[in-house]
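*Asks:*
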Amino acid sequence: MQGCQFALVQPMVEQQQGESPPEQPPDPPPVIVDLVADNNRNGVLDEEPTEEAGEETWSHEHGAVFLSNLDDDDDNGVDAHDTFVNGNADITDLAPVMVRAWPDVPADATGTLVVTASDTGAFNLFKVTGVDTDPQAYAFVEDASNVPLTAEEIRAGVRFALEATDLVTSTSEEAWDGHVTATLTIRDAQQAVIGTDEVQLRVAPVIFQYNTLEADTIFYSDLGPESAPLLDGLDALVDGQSFFHEGLDVSDYEYDQWAQDFFDMGQMYRPGANGVMHGMRVAVRSAQPDRRAGRLAQAMLGPDVATLYVRDRSFDPWTHGYSMNSFGNWDVVPPYTNGTESYPAGRNIWGAGSTEEEMPDGLYVDMVRAQRVQPEIVVDTSWLSVGHVDEVMSFVKTNTPRGWGLLLGSTTLARDMLQRLKDEGHGDVPMFVGKSWVEQEGWSMREVPAEVTVSEALADADLMAESQESQIHIDEVREVLVEEIGLADEEITLMPFLMERTWGASGAYQPGTVNLLHANGRVVIPDPFGPELNGEDVFKADLRTRLGALGLTVMFADDWDLYHRLGGEVHCGTNAARRMEAAWWVAPW
Numbered sequence: 026m027q028g029c030q031f032a033l034v035q036p037m038v039e040q041q042q043g044e045s046p047p048e049q050p051p052d053p054p055p056v057i058v059d060l061v062a063d064n065n066r067n068g069v070l071d072e073e074p075t076e077e078a079g080e081e082t083w084s085h086e087h088g089a090v091f092l093s094n095l096d097d098d099d100d101n102g103v104d105a106h107d108t109f110v111n112g113n114a115d116i117t118d119l120a121p122v123m124v125r126a127w128p129d130v131p132a133d134a135t136g137t138l139v140v141t142a143s144d145t146g147a148f149n150l151f152k153v154t155g156v157d158t159d160p161q162a163y164a165f166v167e168d169a170s171n172v173p174l175t176a177e178e179i180r181a182g183v184r185f186a187l188e189a190t191d192l193v194t195s196t197s198e199e200a201w202d203g204h205v206t207a208t209l210t211i212r213d214a215q216q217a218v219i220g221t222d223e224v225q226l227r228v229a230p231v232i233f234q235y236n237t238l239e240a241d242t243i244f245y246s247d248l249g250p251e252s253a254p255l256l257d258g259l260d261a262l263v264d265g266q267s268f269f270h271e272g273l274d275v276s277d278y279e280y281d282q283w284a285q286d287f288f289d290m291g292q293m294y295r296p297g298a299n300g301v302m303h304g305m306r307v308a309v310r311s312a313q314p315d316r317r318a319g320r321l322a323q324a325m326l327g328p329d330v331a332t333l334y335v336r337d338r339s340f341d342p343w344t345h346g347y348s349m350n351s352f353g354n355w356d357v358v359p360p361y362t363n364g365t366e367s368y369p370a371g372r373n374i375w376g377a378g379s380t381e382e383e384m385p386d387g388l389y390v391d392m393v394r395a396q397r398v399q400p401e402i403v404v405d406t407s408w409l410s411v412g413h414v415d416e417v418m419s420f421v422k423t424n425t426p427r428g429w430g431l432l433l434g435s436t437t438l439a440r441d442m443l444q445r446l447k448d449e450g451h452g453d454v455p456m457f458v459g460k461s462w463v464e465q466e467g468w469s470m471r472e473v474p475a476e477v478t479v480s481e482a483l484a485d486a487d488l489m490a491e492s493q494e495s496q497i498h499i500d501e502v503r504e505v506l507v508e509e510i511g512l513a514d515e516e517i518t519l520m521p522f523l524m525e526r527t528w529g530a531s532g533a534y535q536p537g538t539v540n541l542l543h544a545n546g547r548v549v550i551p552d553p554f555g556p557e558l559n560g561e562d563v564f565k566a567d568l569r570t571r572l573g574a575l576g577l578t579v580m581f582a583d584d585w586d587l588y589h590r591l592g593g594e595v596h597c598g599t600n601a602a603r604r605m606e607a608a609w610w611v612a613p614w
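Just so you know, we're using the numbering used here here: the sequence shown kicks off at 26 and counts up by one.
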């Protein structure tokens with residue numbers, strides 16, 4: 026909150042020797058032309074002028090932040106889409122801006138506040154005409170480009186409040202870049218400028234959450250008895266924890282069990298007092314217009330919850346890229362530093378291919394890029410039947426110096442584990458006991474037993490070939506992540522499962538154990554239904570040891586019928602709202 030304070034200085038009069046010093050007239054009162062915003066990001070407006078520089082420009086070092094006020098605090102629609110303040114809770118969603126009081130302003134002086142943006146409809150300005158804790162005291166300013174101020178108002182000081190009416194949604198030069206500039210000018214009776222001051226504010230971006238954040242709520246699609254096996258695992262996950270799970274009623278939304286895919290949760294926030302962030306969650310609907318369950322995200326609109334839906338209506342639903350719009354294909358690398366590069370809010374990561382039909386929705390991609398503070402990493406997922414990054418990778422908390430690590434699928438490890446069992450004389454041990462596949466027969470579906478021995482799986486030439494081909498692609502993904510993040514080998518933990526040819530591409534043959542749910546150092550993993558020795562599943566035992574060494578608590582869920590045999594796993598069927606506190610504004614961009 027830096028302002029301009031100008032003091033008039035009287036010339037010194039030469040004193041003759043032996044004479045008494047002439048009486049010095051008192052210093053005139055200072056000229057105060059000071060427009061105040063939260064330039065130093067301490068969450069409050071400083072009561073006294075500071076000498077901090079740079080308020081006229083916004084950077085990662087200084088500059089005030091304001092919110093897109095897109096929640097609904099009074100159950101009357103999006104707050105920023107009307108011209109009044111929607112109750113006491115809504116006041117906290119506004120960014121204060123103040124004309125500092127100048128008690129000795131000349132009686133004939135006048136002032137003008139000019140607030141501008143490249144998109145004049147991108148914000149609402151309110152003038153506070155009474156107590157700033159009273160919603161009724163906030164008067165909508167019809168013309169923010171010319172707000173007159175009287176000498177009386179300047180003498181007492183004037184408070185304003187700012188909200189954005191939308192997010193930054195495009196990187197094009199014509200689009201609003203999220204900045205608003207406010208300029209205060211005070212003139213004398215002859216309209217000569219006494220002084221000016223300027224501040225620049227930037228709208229908060231949507232920050233997409235990463236898996237290592239503390240969880241508040243775990244979501245899943247509630248399909249009644251069919252959800253019970255997955256729910257058993259979620260019950261174990263939340264047992265004794267501070268977070269809970271919530272079933273989403275999808276009964277009116279075409280039976281969509283893929284809770285990870287049709288919506289995502291992000292957040293936008295600004296600095297608050299005492300270091301506590303203030304903002305709102307953002308429920309983001311997938312860029313799939315015909316996916317009715319996405320309406321659940323829009324239905325989440327309420328106090329401190331905004332919604333976002335960006336898509337290209339012309340997007341072809343029959344392309345591979347359409348599946349890539351599901352949020353199983355969108356993840357975030359946790360915050361990290363790699364050499365001189367620092368990413369305090371992490372980085373978006375998504376999968377794509379090399380052709381237009383293997384790309385996610387272009388408008389949605391541009392919106393994500395326009396947030397600027399989580400620059401992307403793109404990996405090739407076009408070789409996967411579903412095309413989602415969560416089919417082969419996950420980020421989890423670990424007890425390592427970095428504090429988190431990468432879990433990466435490995436068909437080589439799975440094959441080696443099975444080969445070792447065979448070499449030790451356990452080739453006849455079955456896996457997938459009691460499970461079945463679903464196959465189409467004419468116009469109907471039939472169930473086919475899935476049980477297979479270790480030796481039979483190893484002898485399946487097509488299965489082994491597809492697993493080997495998939496490993497080549499996984500290794501390519503690994504190379505990208507190692508280069509971009511700077512991961513050491515010991516920060517990458519392999520997750521064993523074989524992959525098969527399905528729907529013309531590659532998918533998990535064994536339950537894809539990397540496709541898991543992480544919450545606060547606990548993980549729910551798809552039950553691998555692997556071969557058992559002495560009553561213990563060797564794949565479960567391996568995962569408990571492997572992940573337990575990272576400090577993770579491991580539990581399993583049976584996701585076979587509702588998810589695995591239909592192309593997904595635990596992560597695909599769940600979602601989470603997490604607590605976000607990263608100071609995104611310190612990220613250079």
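Note that beta-carbon positions come from the ideal geometry of N, C-alpha and C, so glycine has one too. Remember, it's a predicted structure, so these values are computed and weren't measured experimentally.
Would you kindly report the start and end of the unbroken beta strand (DSSP E) that includes residue 469?
*Replies:* Per DSSP, residue 469 belongs to the beta strand (DSSP E) from 469-474.
*Asks:* Taking C-alpha atoms, which residue in 449, 304, 106, 544 lies nearest to residue 421?
*Replies:* Comparing Cα-Cα distances from residue 421 to each of 449, 304, 106, 544, the minimum goes to 544.
*Asks:* In angstroms with no decimal places, state the Cα-to-Cα distance between residue 580 and residue 444.
*Replies:* Their backbone Cα atoms lie some 26 angstroms apart in a straight line.
*Asks:* Leaving out five residues before and five after residue 344 in sequence, what residues of the same chain have Cβ atoms less than 7 angstroms from its Cβ?
*Replies:* Same-chain partners within the cutoff: 382.
*Asks:* Cutting at 8 angstroms between CB atoms, please list the residues of its own chain near residue 162, excluding the five before and the five after it.
*Replies:* Cβ within range, chain order: 153, 154, 155, 156.
*Asks:* By Cβ distance below 7 angstroms, which residues in the same chain neighbour residue 528 in space, the five residues on each side in sequence not counted?
*Replies:* Around residue 528: 410.
*Asks:* Find the nearest neighbour of residue 624 within the set 121, 206, 575, 145, judged by alpha-carbon distance.
*Replies:* Nothing in the structure corresponds to residue 624, since the chain is present only between 26 and 614.
*Asks:* If residue 347 sits next to residue 313, beta carbons under 8 angstroms apart, how far is it from one beta carbon to the other, in whole angstroms?
*Replies:* Their Cβ separation, rounded to whole angstroms, is 7 angstroms, which keeps residue 347 and residue 313 in contact under 8 angstroms.
*Asks:* Could you tell me whether the Cβ atoms of residue 227 and residue 88 are closer together than 8 angstroms?
*Replies:* Yes, these two residues count as a Cβ contact at 8 angstroms.
*Asks:* Who are the Cβ neighbours of residue 602 in its own chain at under 6 angstroms, not counting the five residues just before and after it?
*Replies:* Within the same chain, residue 602 has close Cβ partners 241, 242, 290.
*Asks:* Where residue 177 and residue 613 are concerned, what is the direct C-alpha to C-alpha distance, given to the nearest angstrom?
*Replies:* Their backbone Cα atoms lie some 41 angstroms apart in a straight line.
*Asks:* The beta strand (DSSP E) spanning residue 351 covers which residue range?
*Replies:* From DSSP, residue 351 is part of no beta strand (DSSP E); its letter is neither H nor E.
*Asks:* Could you tell me which whole beta strand (DSSP E) segments of length 3 or greater appear in the segment 183-246?
*Replies:* Listed in chain order, the complete beta strand (DSSP E) runs (minimum 3 residues) inside the segment 183-246 are 183-189, 204-212, 218-228.
*Asks:* Can you tell me whether residue 589 is buried or exposed, with buried defined as 16 or more other CB within 10 angstroms of its CB?
*Replies:* Buried.
*Asks:* Just confirm the distance between the C-beta atoms of residue 629 and residue 122, as a whole number of angstroms; I'd bet it's less than 8 angstroms.
*Replies:* Residue coverage of the chain in this structure runs from 26 to 614, which leaves residue 629 outside it and unanswerable.
*Asks:* For residue 560, count neighbouring C-beta atoms within 10 Å of its own C-beta (all shown protein chains included) and say buried if the count is 16 or more, exposed if not.
*Replies:* Result: exposed.
*Asks:* If you draw a straight line from the C-alpha of residue 254 to the C-alpha of residue 441, how long is it?
*Replies:* Rounded to whole angstroms, residue 254 to residue 441 spans 29 angstroms at the Cα level.
*Asks:* Along the chain, where does the alpha helix (DSSP H) that runs through residue 254 open and close?
*Replies:* That run of the alpha helix (DSSP H) goes 253-263.
*Asks:* Just the C-alpha distance for residue 484 and residue 403, rounded to the nearest angstrom, thanks.
*Replies:* Going by the C-alpha atoms only, they are around 35 angstroms apart.
*Asks:* If we ignore side chains and look at the alpha-carbon of each, how far apart do residue 373 and residue 194 end up?
*Replies:* Rounded to the nearest angstrom, the two C-alpha atoms are 16 angstroms apart.
*Asks:* Going by Cα to Cα distance, which pick from 139, 547, 215 is closest to residue 206?
*Replies:* It is 139.
*Asks:* Could you give the residue range of the alpha helix (DSSP H) that holds residue 111?
*Replies:* Here residue 111 belongs to no alpha helix (DSSP H), and DSSP marks it neither H nor E.
*Asks:* Which same chain residues end up closer than 7 angstroms to residue 319 when comparing Cβ atoms and leaving out the 5 residues on each side of it in sequence?
*Replies:* Counting only Cβ-Cβ distances below 7 angstroms, and skipping sequence neighbours, we find 287, 288, 310, 311, 313.
*Asks:* With distances taken Cα to Cα, identify the nearest neighbour of residue 457 among 583, 464, 385.
*Replies:* For residue 457, the nearest C-alpha among the options comes from 583.
*Asks:* Determine which residues share a DSSP beta bridge with residue 356 and list them.
*Replies:* Looking at the DSSP assignment, residue 356 forms a beta bridge with 374.
*Asks:* Where do the N-terminal and C-terminal ends of the alpha helix (DSSP H) with residue 324 fall, by residue?
*Replies:* Segment 320-324, the alpha helix (DSSP H) holding residue 324.
*Asks:* How about residue 495 and residue 436: do their beta carbons lie closer than 8 angstroms?
*Replies:* Yes, these two residues count as a Cβ contact at 8 angstroms.
*Asks:* Among 190, 474, 342, 65, which one has its Cα closest to the Cα of residue 299?
*Replies:* Taking only the C-alpha atoms, the option nearest residue 299 is 65.
*Asks:* Since residue 390 is in the alpha helix (DSSP H), which residue starts that stretch and which ends it?
*Replies:* That run of the alpha helix (DSSP H) goes 387-395.
*Asks:* By the three-class DSSP mapping on this structure, what secondary structure does residue 30 have?
*Replies:* Any answer about residue 30 is weak, because its pLDDT of 45 lies below 50 and its placement is not dependable; what the coordinates show is given next. Strand at residue 30.
*Asks:* Round the Cβ separation of residue 369 and residue 611 to the nearest angstrom and send it over; I've been treating them as touching at under 8 angstroms.
*Replies:* About 6 angstroms separates the two Cβ atoms, so the contact holds.
*Asks:* According to DSSP, simplified to helix, strand and coil, what is residue 600?
*Replies:* DSSP places residue 600 in strand when its eight states are reduced to three.
*Asks:* Entirely within the segment 124-162 and at least 3 residues each: give me those beta strand (DSSP E) ranges in chain order.
*Replies:* Qualifying beta strand (DSSP E) stretches, in chain order: 135-141, 148-153.
*Asks:* Bridge partners of residue 454, per DSSP?
*Replies:* DSSP, once it has assigned bridges, lists no residue as partnering residue 454.
*Asks:* Nearest to residue 585 by alpha carbon, out of 169, 534, 98?
*Replies:* Closest option to residue 585, Cα to Cα, is 534.
*Asks:* Taking DSSP's pairing of strands, which residues face residue 429 in a bridge?
*Replies:* 422.
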